[in-house]
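There are 2 protein chains.
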Amino acid sequence: MREPQQDRSRVTRRRLLEATIDCLAENGWAATTVGVVATRAGVSRGAAQHHFPTREDLITAALEYMFDTRMQMAREEAVDLPVGEGRTIAVVERLVDYYTGTLFKAALQVWTAAASDPALREWVLPLEDRFGRTAHRMAVDQLGVDGSDPVVRAAVQATLDLARGLGLADLLTDDSARRAEVVRQWASSLDAQLGARSR
Amino acid sequence: MREPQQDRSRVTRRRLLEATIDCLAENGWAATTVGVVATRAGVSRGAAQHHFPTREDLITAALEYMFDTRMQMAREEAVDLPVGEGRTIAVVERLVDYYTGTLFKAALQVWTAAASDPALREWVLPLEDRFGRTAHRMAVDQLGVDGSDPVVRAAVQATLDLARGLGLADLLTDDSARRAEVVRQWASSLDAQLGARSR
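Residue numbers (numbering that gives the first Met the number 0), protein chains in the order written: chain A, 0 to 198; chain B, 0 to 198.
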């Protein structure tokens, strides 16, 4: 009987984490409490608190779980990326897709709340640092470039900064039509820059 | 006796608007009420409410006043921009300075709150639209490029998106050292793109 119970526990946990991300993105930081998330996930408050005693436990676990899931997906999908021509734009498009998705909108609510809450800021900073480094490494790998070249590093960082700005521009309105042209042009410029560093 | 009273009234108004921006950037949307801002500005609550009957009046006026002041300063400072070589990087650096300043941090709090508040979203959207168009026109003017060329338009938009992303990266930590290199390289790439469109 242990196995099914462990499975149920894992399913409950995952539903809570997914509901947390949706709740943050839709309702913001202040409205995302363990009780609200439990209701949204169809889980009792007691069961939710068994998994996540505090709101910070829940929100940290949700951001980490969703980020790691996203990165795992990105690694698996990388086999479909075109080789040679078209690879740079495909990588940039996928990257920008991550930054305009629900996870980014959820993280933005937490980061913004942290700007005016020193205690929250302390536990958000290591997450931000880890997410930033992992995303950068992933982009370098997928582009197939030399991550030790400082010019390449800065070009990839600019791409992540651009993606973050595009994510912000998509917060209140659907910005996808305008964004497509910006992404297309930047990918072409990035491709020229990276090509010049003899990939 | 009318003149001095009008002056006092104008000073009071300006102090309230500046305190609103500081309060939003430091304490966030929820904590920025007419009462808190009045205290911060050293103005009586009654006087504050005389100028701004509602919190939305106060915050809209503050964002508009600070944005217009910033843009006016940018226009005045444009005479100091170098002509020819070095102009692109100087324009991009100033632009990024705006997006890493207090006004951006204040606006970010309002935009983020608007993501989970449909009524707030309705009055933020026209502001976001106006600010975006004005900043784009200003950047096109300062770069001295042809704003009717779609390639130029998208390159300038990407630069504003990058600046927004860099502003977000600067929210919780001082990101200025990393940013300097990203901006330098971006400006060099932008300069090549714009140069190729025969400025």
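All C-beta atoms, glycine included, are put in the ideal place defined by N, C-alpha and C.
Sequence-distant residues of the same chain with beta carbon closer than 7 Å to residue i, five excluded per side
i: I20(A); result: A61, M65, T101, L102, A105
i: M70(B); result: T133, M137
i: Q48(B); result: V33
i: A113(B); result: L119, R120, V123
i: P3(B); result: none
i: D67(B); result: none
i: T99(A); result: L165, G166, D169
i: Q5(A); result: none
i: A77(A); result: Q141
i: A203(A); result: Lying before the first or after the last residue shown, residue 203(A) is absent from chain A, which here runs from 0 to 198.
i: D148(A); result: R196
Neighbourhood of residue i by C-beta distance below 8 Å, restricted to the same chain and skipping five residues each side
i: E210(B); result: Any property of residue 210(B) remains undetermined from this structure, which presents chain B solely from 0 to 198.
i: V150(B); result: Q192, R196
i: T158(A); result: V91, L94, A138, W185, L189
i: G41(B); result: R14
i: R178(A); result: V95, T99, L165, A168, D169
i: F51(B); result: L15, V33, L57, A60
i: V144(A); result: V151, V155, L193, R196, R198
i: A73(B); result: R93, Y97, M137, Q141
i: T31(B); result: T19, C22, L23, R54, I58, Q108
i: R39(A); result: A18, D21, C22
i: D116(A); result: none
Within-7 Å CB hit, residue i to chain C
i: A61(A); result: No chain C appears in the structure shown, which is made up of the protein chains A and B.
Proximal residues of chain B, C-beta to C-beta of residue i below 7 Å
i: D145(A); result: Result: empty, since nearest Cβ-Cβ is about 15 Å, beyond 7 Å.
i: L107(A); result: T111
i: D160(A); result: L161, G164, L165, A168, V181
i: E92(A); result: Those do not exist, as E92(A) stays about 14 Å from chain B at its closest Cβ, beyond 7 Å.
i: E84(A); result: Those within 7 Å of E84(A) in chain B number zero; the least Cβ separation is about 20 Å.
i: A154(A); result: Q184
i: A157(A); result: L161, V181, Q184, W185
Chain-ordered chain A contacts of residue i [CB-CB under 8 Å]
i: V123(B); result: L171
i: V150(B); result: Q184
i: A55(B); result: Note that residue 55(B) corresponds to Glu in the displayed sequence, not to Ala. Those within 8 Å of E55(B) in chain A number zero; the least Cβ separation is about 16 Å.
i: A30(B); result: S115
Neighbourhood of residue i by C-beta, 6 Å cutoff - its chain only, sequence neighbours within 5 removed
i: Q108(A); result: L23, G27, W28
i: P81(B); result: A89
i: G146(A); result: V139
i: R44(A); result: G34, A37
i: D174(B); result: A168
i: F130(A); result: F66
Under 9 Å from the C-beta of residue i: neighbouring residues of chain B
i: R74(A); result: By Cβ distance, chain B contributes nothing, its closest Cβ being about 24 Å from R74(A), past 9 Å.
i: A89(A); result: None at all; the shortest Cβ gap to chain B is about 18 Å.
Closer than 7 Å at the beta carbon, the chain A residues around residue i
i: R120(B); result: L171
i: Q192(B); result: S188
(request) Could you please tell me which residues of the region 171-185 of chain A, in chain order, have their CB closer than 9 Å to any CB of chain B? (result) L171, T172, R177, R178, E180, V181, V182, R183, Q184, W185
(request) Taking 8 Å as the threshold, find out whether the region 165-184 of chain A comes into contact with the region 7-19 of chain B through three or more Cβ pairs. (result) no
(message) Would the region 136-154 of chain B count as touching the region 80-91 of chain B if we require 3 or more Cβ pairs under 8 Å?
(response) yes
(request) Could you name each continuous alpha helix (DSSP H) segment of 4 residues or more that falls completely within the region 79-152 of chain A, going from the start of the chain to the end? (result) 86-98, 101-113, 117-142
(request) Could you tell me whether the region 163-180 of chain B touches the region 163-176 of chain A, where touching means 3 or more Cβ pairs closer than 8 Å? (result) yes
(message) Give me the subset of the region 0-28 of chain A whose CB atoms are less than 8 Å from a CB atom of chain B, sorted by chain position.
(response) A24, E25, N26, G27
(request) Could you please tell me which residues of the region 39-54 of chain A, in chain order, have their CB closer than 8 Å to any CB of chain B? (result) none
(request) Residues of the region 128-143 of chain A with a CB closer than 7 Å to any CB of chain B: list them in chain order, please. (result) none
(message) Ignoring anything shorter than 4 residues, give me the alpha helix (DSSP H) runs that lie fully in the region 21-78 of chain B, in order along the chain.
(response) 33-40, 44-50, 54-76
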